[in-house]
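Numbers 750 to 915, taken from this note's numbering, label the letters of the sequence shown in order.
Here's the structure we're looking at; comments come further down.
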Amino acid sequence: MKKSLVLGASMCIALAFTSCKSQESAYKKAYEKAKAQEEQNMAQQPTQEEAPVVTPLTQQPVTQTTVSNVENATVRTEDVTIVSGVGLQAYSVVVGSFGLKANAEGLQTTLKQGGYDAQIAYNSTLNMYRVIATTSADKAQAVQSRDALRGSQYNPKSDAWLLYKK
């Protein structure tokens, strides 16, 4: 009885494995058919490409003026020491912060070539070199200078900010 049960079970297993056909060939046939249709569609399309339509660019004159509220202007207070420059007044416009002095000197040179009296100040607490484009005793003048520097070629990221020297 045991032999016939084992023989019957093995026959069922063998029959189950032989009746399952791999579907890989069906998938391969469908892929090849889709590929052939795609190639046929590509052959039927005209080979001449149309030029894209380009709208001419017209520049509008700038009429918008921005007025910064001097009272609400954000000012950071840091204890800095001058590394390169003549000295800082109460408010300064910082256009770059670097961990390496060489990078700060590179921006300082660029600013000086652009006509700014650029200076480098060092914040020992943060270990950062601050590149200062302009400095003034008046907060309103510093805000005006910061707004002029934002978006300029010397500060394309528009991240100039005000520093109040302790």
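C-beta atoms are modelled at their ideal positions from N, C-alpha and C, and glycine is treated no differently.
Since this is a predicted model, take the numbers as computed values, not measurements.
Can you give me the Cβ contacts of residue i inside the same chain, cut-off strictly under 6 Å, excluding the 5 residues immediately before and after it?
i      : result
Phe847 : Ala853, Tyr878
Ser894 : Val842, Thr883
Arg825 : Leu912
Trp910 : Val843
Return the Cβ separation of residue i and residue j in integer angstroms, given the expectation that the two are a contact with Cβ distance under 8 Å.
i      : j      : result
Ile831 : Ala870 : 6 Å
Glu874 : Asp908 : One detail in the question is off: residue 874 reads as Thr in this sequence, not Glu. Actually they do not touch by this definition, with Cβ atoms about 20 Å apart.
Note down, in chain order, each residue of its chain lying with its Cβ closer than 8 Å to the Cβ of residue i, except the 5 sequence neighbours on either side.
i      : result
Ala886 : Gln838, Ala839, Tyr840
Ser833 : Glu854, Gln857, Gln868, Ile869
Gln902 : Gly863
Going by DSSP, which residues form a beta bridge with residue i?
i      : result
Ile869 : Ser833, Val880
Tyr913 : Thr826, Tyr840
Ser885 : Tyr840
Ser846 : Arg879
Can you have a look at residue i and say buried or exposed, based on whether 16 or more other CB atoms are within 10 angstroms of its CB?
i      : result
Gln868 : buried
Thr884 : buried
Gly845 : buried
Val835 : exposed
Tyr865 : buried
Leu898 : buried
Lys915 : exposed
Val802 : exposed
Thr812 : Its pLDDT being 48, under 50, Thr812 is placed unreliably in this model, and the coordinates cannot settle the point.
Val880 : buried
In chain order, what residues of the same chain have a beta carbon less than 7 Å from the beta carbon of residue i, not counting five sequence neighbours either side?
i      : result
Val819 : Lys888, Ala889, Val892
Gly757 : none
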